[in-house]
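Going down the list, the sequences are from chains A and B. When we follow the working numbering, the leftmost residue of the first sequence carries the number 1, and every step to the right adds one. When we follow the working numbering, the leftmost residue of the second sequence carries the number 168, and every step to the right adds one. The beta carbon of each residue, even a glycine, is placed where N, CA and C say it ideally should be. What follows is a set of notes on a single structure, which appears directly below.
There are 2 protein chains.
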Amino acid sequence: MNKKFVEQYIKMLNNLDGLLVKAAAHADANKFDVNNFVTDRLAVDMLPFARQIQIACDTAKLAVASFSFSEAPKFEDNEKTIAELRERIKKTLDFLKSKVEADFSKFKDAKYAPFWANGMWLDGESYFYEHAMPNFYFHVQTAYAILRTRGVNVGKADYIGALNFQK
Amino acid sequence: MNKKFVEQYIKMLNNLDGLLVKAAAHADANKFDVNNFVTDRLAVDMLPFARQIQIACDTAKLAVASFSFSEAPKFEDNEKTIAELRERIKKTLDFLKSKVEADFSKFKDAKYAPFWANGMWLDGESYFYEHAMPNFYFHVQTAYAILRTRGVNVGKADYIGALNFQK
Chain A
1 MNKKFVEQYI KMLNNLDGLL VKAAAHADAN KFDVNNFVTD RLAVDMLPFA RQIQIACDTA
61 KLAVASFSFS EAPKFEDNEK TIAELRERIK KTLDFLKSKV EADFSKFKDA KYAPFWANGM
121 WLDGESYFYE HAMPNFYFHV QTAYAILRTR GVNVGKADYI GALNFQK
Chain B
168 MNKKFVEQYI KMLNNLDGLL VKAAAHADAN KFDVNNFVTD RLAVDMLPFA RQIQIACDTA
228 KLAVASFSFS EAPKFEDNEK TIAELRERIK KTLDFLKSKV EADFSKFKDA KYAPFWANGM
288 WLDGESYFYE HAMPNFYFHV QTAYAILRTR GVNVGKADYI GALNFQK
């Protein structure tokens, strides 16, 4: 693994921030408070929009911290507005952008040992493929789906972002 | 890159198949035709359920073919029932399972050059991170979200699947 996976997290979090900007434009145009999205849910028994953003940020943050054997910054999970959620994304991006290639030289030794796994752990590669990627995309996409189903003018290009094509 | 990314596609496609099984059980219990899901959409201007499954399968199939420099099997995109979509997943799984580690020894030389990019291309690593992963998860998660919002008894554990924990 190299730093490309961090660059992809950075890209996707920037895309996610772009979704929030479009949500704000949509709310303005339709004269409602954009912060109504913060507690909105795709289904009544799913986590609210704010949690989708927080967990997406944290999945990226904790993976990058684990794979670089560094400490992740702690955030309070107390965001109540879209502006605060954008700030959460920005703080996460700041942490991700602080990493350099050499920080990931020992990624294969990384472990994922969540408290609920009772001492069991995933090795670095399993952590990356089985959790760090699918869990991140799950929450980004659920946030996207909330906005998309509420009529915000977002499409898959906003989710995927620009591809780094060569000629 | 090693074959772990293929194993993850296999796992997720099995999870996706499990969602279809739960959808059928839900339809039975509620006395409606499970095939009503085939044309269902998360939003009226999004692709239908069948296309989400087809594109998820094809994203995995084409990535594995590209990274192993082999030919992907062609499918017709003519599935009209959940049973046929399950068969589509199975045929995709058969292709994925046919690959061995050595097939991916030249993955870095792989390119992604979709017809719409007018001759431009992504290198193997960019293809993997910027398209093969996010596009796959986008469509798996959209299929999940359709079922989830319609009351099918699926949760994130069905999406993520069992983690290969060690003790």
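Output needed for alanine 327(B): all residues of its chain with C-beta closer than 8 angstroms, excluding positions within five of it in sequence on either side, in chain order. The question names alanine, yet the displayed sequence has isoleucine at residue 327(B). Cβ neighbours of isoleucine 327(B) beyond the five flanking positions: Asn182.
Would you identify the three-state DSSP class for leucine 122(A), choosing helix, strand or coil? strand
In angstroms, rounded to a whole number, what distance separates the CA positions of leucine 85(A) and tyrosine 9(A)? 16 angstroms
Pair every Cβ in the segment 44-63 of chain A with every Cβ in the segment 130-144 of chain A, then say whether three or more of these pairs are closer than 8 angstroms. yes
I'd like the list of long-range same chain contacts for lysine 11(A), defined as Cβ closer than 8 angstroms, with 5 residues on each side in sequence excluded. Gly161
Rank Phe199(B), Ala280(B), Ala210(B), Tyr311(B) by C-alpha distance to the C-alpha of alanine 223(B) and give the top, closest one. Tyr311(B)
Lysine 3(A) - DSSP class collapsed to helix/strand/coil: coil
Name the chain B residues that come within less than 9 angstroms of threonine 149(A), Cβ to Cβ? Leu209, Ala210, Met213, Ala312, Thr316
Report yes or no: is there a C-beta of chain B within less than 8 angstroms of the C-beta of tryptophan 116(A)? no
Suppose the cutoff is 7 angstroms on Cβ atoms and the five residues either side in sequence are ignored; what does the same chain contact list for tyrosine 279(B) look like? Ser233, Trp288, Leu289, Tyr294, His298
Using the Cα positions of serine 235(B) and glutamate 76(A), report the straight-line distance between them to the nearest angstrom. 44 angstroms
Pick from Ala239(B), Ser272(B), Asn245(B): whose alpha carbon is nearest that of leucine 260(B)? Ala239(B)
Nonlocal neighbours in the same chain, by C-beta distance under 8 angstroms from phenylalanine 115(A), ignoring five residues either side: none
List the residues of chain A whose Cβ lies closer than 7 angstroms to the Cβ of asparagine 331(B), in chain order. Leu122, Ser126, Glu130
Residues sharing a beta bridge with lysine 111(A), DSSP: Asp123(A)
According to the neighbour-count rule (16 or more other Cβ atoms, all chains shown, within 10 Å of its Cβ), is lysine 275(B) buried or exposed? exposed
Other residues of its chain near asparagine 153(A): CB distance less than 7 angstroms, five sequence neighbours each side excluded: Lys22, His26
Residues sharing a beta bridge with glutamine 166(A), DSSP: Trp288(B)
Rank Lys167(A), Arg150(A), Leu163(A) by C-alpha distance to the C-alpha of leucine 20(A) and give the top, closest one. Arg150(A)
Using CA coordinates, which residue listed in Ala227(B), Ile313(B), Tyr296(B) is at the minimum distance from lysine 264(B)? Ala227(B)
Quick check on lysine 4(A) - is its C-beta less than 8 angstroms from some C-beta in chain B? yes
Buried or exposed: where does alanine 284(B) fall if 16 or more other Cβ atoms within 10 Å of its Cβ makes it buried? exposed
Taking Cβ-Cβ distances shorter than 9 angstroms, what residues in chain A pair up with phenylalanine 274(B)? Simply none; closest approach about 13 angstroms.
With 16 other Cβ atoms within 10 Å as the buried cut-off, status of valine 34(A): buried
Flag this pair as yes or no: are the beta carbons of lysine 266(B) and glutamate 125(A) separated by less than 8 angstroms? no
Note down the Cα distance separating asparagine 30(A) from asparagine 36(A), rounded to an integer number of angstroms. 12 angstroms
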